[in-house]
Structures are given as structure tokens and as C-alpha cells.
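Number of protein chains: 2
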Amino acid sequence: MQKRATVHDVARQAGVSLATVDRVLNGRTGVRPATAEKVEEAIRVLDFRRDLSASLLARARDLRVVFLIPDGKNEFMANLTAAIARKSRNVKAERLTLETRHIRPLDAEALAHALNALEPKSCDCAVIVATEDQAVHRAVDAATRRGIAVMTLVSDLPGSARKLFIGIDNVAAGRTAASLLGRFCQKGKIGIIAGSMGLRDHRERLEGFTALLRKEFPALEILGPAEGHDERSETEHLAADLLADHPDLSGIYNLGAGNPGLLAALEKSGRAGQVRVIAHELTEATRSGLRSGAIDVVLDQNPDGEIRAAIAAARALALGQGGDYHADPIEIGIFLRDNLR
Amino acid sequence: MQKRATVHDVARQAGVSLATVDRVLNGRTGVRPATAEKVEEAIRVLDFRRDLSASLLARARDLRVVFLIPDGKNEFMANLTAAIARKSRNVKAERLTLETRHIRPLDAEALAHALNALEPKSCDCAVIVATEDQAVHRAVDAATRRGIAVMTLVSDLPGSARKLFIGIDNVAAGRTAASLLGRFCQKGKIGIIAGSMGLRDHRERLEGFTALLRKEFPALEILGPAEGHDERSETEHLAADLLADHPDLSGIYNLGAGNPGLLAALEKSGRAGQVRVIAHELTEATRSGLRSGAIDVVLDQNPDGEIRAAIAAARALALGQGGDYHADPIEIGIFLRDNLR
DNA sequence: CCTGTCTTGAGGTACGTGCCTCATGAGCTA
DNA sequence: TAGCTCATGAGGCACGTACCTCAAGACAGG
Numbered sequence: 001m002q003k004r005a006t007v008h009d010v011a012r013q014a015g016v017s018l019a020t021v022d023r024v025l026n027g028r029t030g031v032r033p034a035t036a037e038k039v040e041e042a043i044r045v046l047d048f049r050r051d052l053s054a055s056l057l058a059r060a061r062d063l064r065v066v067f068l069i070p071d072g073k074n075e076f077m078a079n080l081t082a083a084i085a086r087k088s089r090n091v092k093a094e095r096l097t098l099e100t101r102h103i104r105p106l107d108a109e110a111l112a113h114a115l116n117a118l119e120p121k122s123c124d125c126a127v128i129v130a131t132e133d134q135a136v137h138r139a140v141d142a143a144t145r146r147g148i149a150v151m152t153l154v155s156d157l158p159g160s161a162r163k164l165f166i167g168i169d170n171v172a173a174g175r176t177a178a179s180l181l182g183r184f185c186q187k188g189k190i191g192i193i194a195g196s197m198g199l200r201d202h203r204e205r206l207e208g209f210t211a212l213l214r215k216e217f218p219a220l221e222i223l224g225p226a227e228g229h230d231e232r233s234e235t236e237h238l239a240a241d242l243l244a245d246h247p248d249l250s251g252i253y254n255l256g257a258g259n260p261g262l263l264a265a266l267e268k269s270g271r272a273g274q275v276r277v278i279a280h281e282l283t284e285a286t287r288s289g290l291r292s293g294a295i296d297v298v299l300d301q302n303p304d305g306e307i308r309a310a311i312a313a314a315r316a317l318a319l320g321q322g323g324d325y326h327a328d329p330i331e332i333g334i335f336l337r338d339n340l341r
Numbered sequence: 342m343q344k345r346a347t348v349h350d351v352a353r354q355a356g357v358s359l360a361t362v363d364r365v366l367n368g369r370t371g372v373r374p375a376t377a378e379k380v381e382e383a384i385r386v387l388d389f390r391r392d393l394s395a396s397l398l399a400r401a402r403d404l405r406v407v408f409l410i411p412d413g414k415n416e417f418m419a420n421l422t423a424a425i426a427r428k429s430r431n432v433k434a435e436r437l438t439l440e441t442r443h444i445r446p447l448d449a450e451a452l453a454h455a456l457n458a459l460e461p462k463s464c465d466c467a468v469i470v471a472t473e474d475q476a477v478h479r480a481v482d483a484a485t486r487r488g489i490a491v492m493t494l495v496s497d498l499p500g501s502a503r504k505l506f507i508g509i510d511n512v513a514a515g516r517t518a519a520s521l522l523g524r525f526c527q528k529g530k531i532g533i534i535a536g537s538m539g540l541r542d543h544r545e546r547l548e549g550f551t552a553l554l555r556k557e558f559p560a561l562e563i564l565g566p567a568e569g570h571d572e573r574s575e576t577e578h579l580a581a582d583l584l585a586d587h588p589d590l591s592g593i594y595n596l597g598a599g600n601p602g603l604l605a606a607l608e609k610s611g612r613a614g615q616v617r618v619i620a621h622e623l624t625e626a627t628r629s630g631l632r633s634g635a636i637d638v639v640l641d642q643n644p645d646g647e648i649r650a651a652i653a654a655a656r657a658l659a660l661g662q663g664g665d666y667h668a669d670p671i672e673i674g675i676f677l678r679d680n681l682r
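The listed protein sequences derive, respectively, from chains A and B. Going by my numbering, the first sequence opens with residue 1, and the numbers climb by one from there. Going by my numbering, the second sequence opens with residue 342, and the numbers climb by one from there.
Below, the structure is given as C-alpha cells:
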């Protein structure tokens, strides 16, 4: 078995000193491009990889990962925060520090401001739930230039300098919902409730859902989407109207939040368990809906898995060779009453 | 923020020397029980945790994890092996070495022999796909006594000294299959095909499936289980007979392997796409079945996730304080054509 | 008392990298 | 040529743990 190459080997191979290798590896100034190229060539030849253990040990400080998570009553975001706190305990022994900062939901300015406030001295990697906005876009690029690796979580910011997106394929999630609901319902109408068409993930789910349902189950009539703004009472009204106006309603797909409202409407209509319902994210509300039979299927993002992936990526990105990291994709969790965890 | 306690702090707190702390931490001989207890008390008081980075760095050798995987034509096991190889590249930089050794399938003696051959000098942790057998049981216990942490993968060995089981809840998987198939099929007969009732995971799936189907969907009639011994041709015959004998067959649950045979039978009968089919494990065969519509749902164990969990556990178990490690549970992956990865 | 065994202390080196200082030399400008 | 900047080399300390040697003390049995 081949022994791993060390910085010493790289220095020898490149014909330079340890100090120069160190300068190149850690992006310090004072190296001629030609010399840097020699070092990089040696790294390639030897397939050198920085030893993570030694690297973390030698740094005085831990690897710091800062999560910028929307605040508020959104239970899914609270689950994310809880998942971070859980992981935080386990990674203490691995020289990792996780920090969560809460941002006002949908406040792009606040998010950009928080990003700009991060200093590379106290933050190696930022993980944000992105809002699609120019100010955020600029803040991501600026942070990247300062040497902070930025990753997007749940909601992506394509085109920016973010190193990685961690989240599910929302178009596929929509298709999956349609595929299940189509098999569940032979005929009748399917009502769609969304949070807001201003949200990228909601748009993508809707797109996947309607495209597949139209193509594969043309017998089913699509109603909506109605926008409940992820709000309990508003969602309840929408669902109540759907149920009242359409006695032949056979399914509901709620691709946003506001599930407590949906459940209340189902309960009051007396048709819970008769109408097939698919919702998103395992929460207190959706779990109890699954148990009671009011909800048939919940599609979930698996916050723990996402946090785990973010941490793994942070380790690789902050200390690794950079570009070539490829994360395991986050799978869409599908939960029935019978495989609730 | 509190600075992490080091071995020096432990020594001071316990009123002993560094050497003694080292002896206790690494299980060396020559420490009186009373002294060891003082050290352990200090560890508890300070909440000391061995620094993984430094620990791995100081050891001359890497942390070695050996996987004992059944050989043969089983595509799922091949996927496991491939997942190990994939991970192996990524963990090189983290002072981890993964090794796969192949064992003749269902050969308990061979498995026990391989376990007994492992030396603690060259193996910190063994991961086995357990066969339920006394010899294996004894070999697991013996390896544990030699200082090798043993974990079971996919198939458990309850009652042995194995530190952890990594795999899905097979009873829940069976329930999930029943829950879906019940919603898909309004009436008619459901055929069950198993590999072998001698396999623990197959028994558990069957148990979960039949219990839930009887309770929640009493209108559906259960046929079987028939045993196809995870074999292509045998499974094909069973499926062909089911289809021929029961024109009102509305669903099939294959809880074992042998899916190529099942697909062939469906194809020849001309009823692919009309009979609802649920199978296990994403493989070449089941993927193509999902794409063609012959299979509706595949329940999957997620080999990559299992290997990831095994590695995380190995790190924690081989170097950690031991007992208090708790792994994330492996989720049952549910795949339709529309969320195939 | 002596001899042997067991327990404990003291101190060192090593692992691979990060980060620091200081010296040296090359190349430039005035 | 003197004075300057920049590129590079040389070397050392530090991080926290593993593992080694050697010596000293405790305590036993004879």
C-alpha cells in the first residue's frame, strides 16, 4: 500500500522549499505564478491531499461553520435548527464548531447584511437558506472573494459563487406527488395548495406535479393552485372552500406549509381519510395527520441529512483542494404512517 | 466558549501522571482499578473527549475498517461493495482505510473464520452482513474481546456483542409496502414472493406486510408467500404461475431478490403495468422495471447511506468513549419512476 | 533482609500541517 | 552603486495524542 504524500514530498518534487508549498497551499501572497504552477503540478503528480487531521490539529482554531437560518414560526426551519444543535454535540471532538444565526424570513437585505458581516477569521464556511435577490447574490460573491465558502441549503441561488446546493430536487418531488396521487385516485378532482409562487421551490414542485399528472393521469382534473402563503388560517380557508365547492374532490396536494390549517379543514368537513392528501415536511402537524389517516403521504427533506451533508461539504471545501468535491444528493424522503421515524 | 479538556487536564484533575491517563485511555495493563476509577471520574467531570484529529495523527497507522460482504451474483451486495469503493477514495485524507473481503454467501463457517482471522493490529473495526448462526455469534464475541469493534450491516445478530446494527427496519418496510399496495389496489388478490423464510429480514418484511394488509385492507386476498430463493429462474416460475392461475391478481410484493425473473414473467404475461408491483432494492433490474412501468415502487436500503453510517460509527466506536454513540437510523428509501436517482 | 513483580511517574519523540521569524538573493529603480 | 521590493529558503514551535523507555516506589513472599 502506497504511503500518502506529505507537504515534504510536494516540496521535493517541485524543487522548492516547504515554506513555498505552504504559501501556495494556503493562498498566501508572495509566490510567482511560475513557481506556484510548479507546486500545483507536483501536487497533481503525487496526488497530494492535505491531511485533514493534521491540518485541523495545527490550526489554533476549529473549523467554523455558520448557518444563516430564517427565523419565525416555520416548523421546518425550527427542525433544521434543532438538527444543527444535535450535530453540534457530535462534532465537537472533530474540531468543528457550528453556529446558527437567525435571519428574519424573506428579508433579503437582512440575509445579505449577515453575510457581509462574516469575517474569514471567524468563519470558514457559511450555509444559507437563499432568497432570490440581487443583494444576496452580491453578498455571496463577496463572501466567496473574502475566502468564505458559501453553500445554499433547501433553496438555491443558481449563478452565484455558492460552492454547492444542498437540498432536494423539487421538480422530482412534485412529480413523485403526482405519481402517487394519480395511483391513489382513479377519477375526480385534485386540488393544489401552494405557499407562494414567489418561492422557487414551490414553483418547481408545482411544475413537476402538474406536468406529470396531465401526462399520465389525464382523467384527473386539476384545481388551482391556490396560494395560502404558508399560513395556517389562510390555508384552512382555501382547503375548506375546495372541499365545500367540490364534492367529487378526490385528492389534495399541499406543496407548501400551513398544514395545521389543512388538517383543520379536513376535520371539519368530515371527509378526512376519504380525500387522499399529500403534503410536505415531517412536522408535528403532518405526523399527526399521517397517524390519524388524514394525510396519506408526506414528502420530506430530511433536515438531519441535509445538515450532515453540509458539514461534510464544509470539511472538504474549506480545507480540500477545492473544486472537485461532489456531495451525495439529498434524497426525497417519502413517509406513510407505516414508516414514520 | 469553553476550551476543550486535554489529557493534561485529565491528569491534573485525577492527580496522576500523563502516562497513567494514557494507560487508562488506551486500555493498557498495569493500572490498579482504584487509580483507573480516579481517571475515569476526572474524564467524566471534565467531559473529556479524545481529540480525533490528534489521535488519528499520532497513530502511525490509519483507522482500519474491514467489511465482510457476501460474494456472488447478488446485485445488491455488489452495490454495497461499490459504495465502499466510492467512499474509500473520499476518506483517504481522513486517515481511514477501508477494506472489503468477500465471503461465500450464506456460509456461516466462512464468515466466522474470516472474523477470527482479523487481528486488532491491522483492523480496528469489522462490519459484517451477519448470518444467524452460533459460530458467527461466537466469532463476533471473540473479536470484540480482542478489541475489534464489530457492527452488523443489513442483517443483524441480536444478542451478540456487536456494537451496532446498521440497516432498515424491515417490519416497517413490509408495512409500508402493504400500505402502498393497499391504496393502489381496490380489490382482488395480492401475491407475495419471498427469497427464503430462513432469512431474518425476509421474515420481518413478511410479518409487517401481512399484518397491515389484513388489518387495513381486508378486502384484498393474500396469496403465498412463495419462496423463490432469490433466484432468477425460480422467481420467474413462481410469478408466471401466480399470473396464470389468478386472472384477478391485482398486486405482487416481492420481498426478496430475483427481480429479473419477476420482470420476465410480467413481460411474457402481457400484464406488466396492469398489476401493481412493489419490490426491494434499487438495481439495474428494478430501475428498468420502474422506468417501463412494470414495477410501481421499489423500497431501498440506500447502500451509500449505510456505508456512510458504518464509517461514522467506526470513527466514534474505535476511538470514542465507547458506549454512548447513537447512529442516525437508516431510512427506508421509497422510489417511484419519478424520483429515481 | 533480599528479590521479584506490579504500579506509577517523568520525559522524550513522532505524526503532518499551520504559522511565524529571519536571512538571502534576485531584480528593479534612481 | 546604493537602496529598495519581492520571491524564496531555512528553521522552529505548536497543536493533542500515541507510544516508548527508564527509573523509582510499593508491596509481596521467602
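By construction, the Cβ of each residue, glycine as well, lies at the ideal position given by its N, Cα and C atoms. Source: prediction; values computed, not measured.
If the five residues before and after B:T576 are omitted, its C-beta is found closer than 7 Å to the C-beta atoms of I534, G569, G599, G602, L603, all from its own chain and listed in chain order.
Taken in chain order, the members of the region 81–104 of chain A whose beta-carbon sits within less than 9 Å of a beta-carbon on chain B are N90, K92, A93, E94, R95, T97.
When beta bridges are read from the DSSP output, A:D300 appears opposite A:G333.
Looking at the DSSP output, A:M77 sits in no beta bridge, so it has no partner there. Between A:L68 and A:V154, the CB-CB gap reaches or exceeds 9 Å. For B:A567, the enclosing beta strand (DSSP E) stretches over residues 562–568. Taking a 10 Å sphere around the C-beta of B:A519, we find 16 or more other C-beta atoms and assign the residue as buried. Residue pairing from DSSP places A:V65 in a beta bridge opposite A:L98, A:C125. Apart from the 5 residues on each side of it in sequence, B:L564 sits with its Cβ closer than 8 Å to the Cβ of K530, I531, G532, I533, L583, H587, L590 in its chain, given in chain order. By the C-beta density criterion, B:K428 is buried, having at least 16 other C-beta atoms within 10 angstroms. Using a Cβ-Cβ distance cut-off of 8 Å, the region 206–217 of chain A and the region 165–175 of chain A are in contact, since at least three pairs of beta carbons, one from each stretch, lie closer than that value.
Comparing alpha carbon positions, the residue from B:L681, B:A654, B:E672 closest to A:V91 is B:A654. At a cut-off of 9 Å between beta-carbon atoms, A:N259 makes no contact with chain B.
Each residue's CA atom was taken as its position, placing A:D124 and B:V357 some 38 Å apart. A:P70 has a beta carbon lying at 9 Å or more from every beta carbon in chain B. The Cβ atoms of A:A108 and A:V65 do not sit closer than 9 Å to each other. Secondary structure within the region 471–496 of chain B: the alpha helix (DSSP H) runs of 4 or more consecutive residues, fully enclosed, are 475–486 (chain order). In terms of Cα proximity to A:A294, the closest of A:D304, A:L282, A:D300, A:I278 is A:I278. Among the residues facing chain B, A:F184 is included, as its CB has a counterpart in that chain under 9 Å away. Judged by their CB atoms, B:L387 and B:Q354 are nearer to each other than the 9 Å cut-off. Bridge partners of B:F506 according to DSSP: B:T493.
Straight-line measurement puts the Cα of B:D363 at about 55 Å from the Cα of A:D296.
According to the DSSP secondary-structure assignment, B:A535 is paired through a beta bridge with B:E568. Around A:E281, no beta-carbon contact reaches into chain B at under 8 Å, the shortest distance being about 15 Å.
In the structure shown, the three-state DSSP call for B:R385 is helix. Looking from the CA of A:S269, the closest CA among A:A239, A:I148, A:F48, A:A143 belongs to A:A239. Counting only Cβ-Cβ distances below 8 Å, B:I673 has contacts in chain A at N339, in chain order. Against B:T517, the close residues of chain A are L336, D338, N339, in the order they occur along the chain (beta-carbon pairs closer than 7 Å). Residues of the region 377–394 of chain B with a C-beta less than 9 Å from any C-beta of chain A: R390, R391, D392, L393, S394, listed in chain order. Taking the C-beta atoms as reference points, A:I103 is found no nearer than 9 Å to A:I330. Put simply, of B:K379, B:G630, B:G597 the residue whose alpha carbon is nearest the alpha carbon of B:A613 is B:G630.
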